[in-house]
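Notes for the one structure printed next.
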Amino acid sequence: MKRRVVGNPLGLAVLAGLLEEPMHPYEMARRFVEYGKERDFKYTRSSLYMVVGQLEKAGFIAARETLRDSARPERTVYAITPTGRLELFDWMRELVAEPATEYPLFGAALSLFVVLPVDEVHELLLQRLAALTAIADEIRATIDAGREQGLAWWFLVEEDYRLTKVEAERGFVERLAESVAGEDYRQAWETYFKGRT
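For the sequence shown, position 77 (counting from the first letter as 1) is numbered 78 according to this note's numbering, and the numbering increases by one without interruption.
Okay, structure coming up:
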């Protein structure tokens, strides 16, 4: 993966949003929520303004005008620059084509879960399984609602991806919980940790 001048994925969302039309950060945040993008990009108001500042400094966006309204603070409207367009398309091509190594917290926990007692880890896995089931149900409801509104599949593709990942993890956790509950794992764990806990 190429090292980016602005490497925060939120910058990608800002560039893509400004491809639609120039806008101020408050409007960007409003649209993220309206389009459900807050599930794809972790941000706060301050982090959004920070990324906007980084993109402007890098020359990827430029201030177009400042709106003054006595009822609200000044709002600077930004537009994507030609350099920003090139960055957006190059970054998107890279992310779509090249798998990247990610370090999810659950992966870290799996690499160390043997430190927990057998019955406890089994119970925790069952809790995770219930949580994943609830998440999958919520994603399905979002997809169904979008389809009922007549949204084309490409507007729901990130939800479909989330559902695929959650279902895959759910299947894995279900199998792991069964394995942990097996007598062979219990005996191996007790033999290994005898006298260590």
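For glycine and all other residues, C-beta sits at the position ideal for the given N, C-alpha and C.
Remember, it's a predicted structure, so these values are computed and weren't measured experimentally.
For residue i: DSSP bridge partner residues
i	result
Met93	None; Met93 has no bridge partner.
Ala63	Ala80
Leu68	Arg76
Burial state of residue i, where buried means 16 or more other Cβ atoms lie within 10 Å
i	result
Ala14	buried
Phe33	buried
Tyr162	exposed
Met29	buried
Pro26	buried
Glu35	exposed
Phe214	The chain is shown only over 2 to 198; residue 214 falls outside these bounds and no answer can be derived.
Phe61	buried
Tyr44	buried
Check whether residue i and residue j have beta carbons under 8 Å apart
i	j	result
Tyr79	Pro23	yes
Ala59	Val6	yes
Asn9	Val52	yes
Ile136	Leu157	no
Glu95	Lys38	no
Ser48	Leu19	no
Thr77	Thr84	no
Leu89	Ala17	yes
Three-state secondary structure assigned by DSSP to residue i
i	result
Pro26	helix
Asp41	coil
Arg176	helix
Residues near residue i by beta carbon distance below 8 Å, same chain, minus five either side
i	result
Ser180	Tyr186
Close Cβ partners of residue i (< 6 Å) along its chain, the five nearest in sequence each way excluded
i	result
Phe194	none
Phe114	Val122
Arg65	Pro23, Val78, Ala80
Trp190	Val119
Ile140	Glu160, Arg163, Leu164
Neighbourhood of residue i by C-beta, 7 Å cutoff - its chain only, sequence neighbours within 5 removed
i	result
Val174	Leu126, Arg129, Leu130, Leu133
Glu1	Outside the shown range of the chain, which is 2 to 198, sits residue 1, and nothing can be said about it.
Residue-chain proximity (residue i, chain C), Cβ-Cβ < 8 Å
i	result
Phe61	Structure shown: chain C not included; a single protein chain is present.
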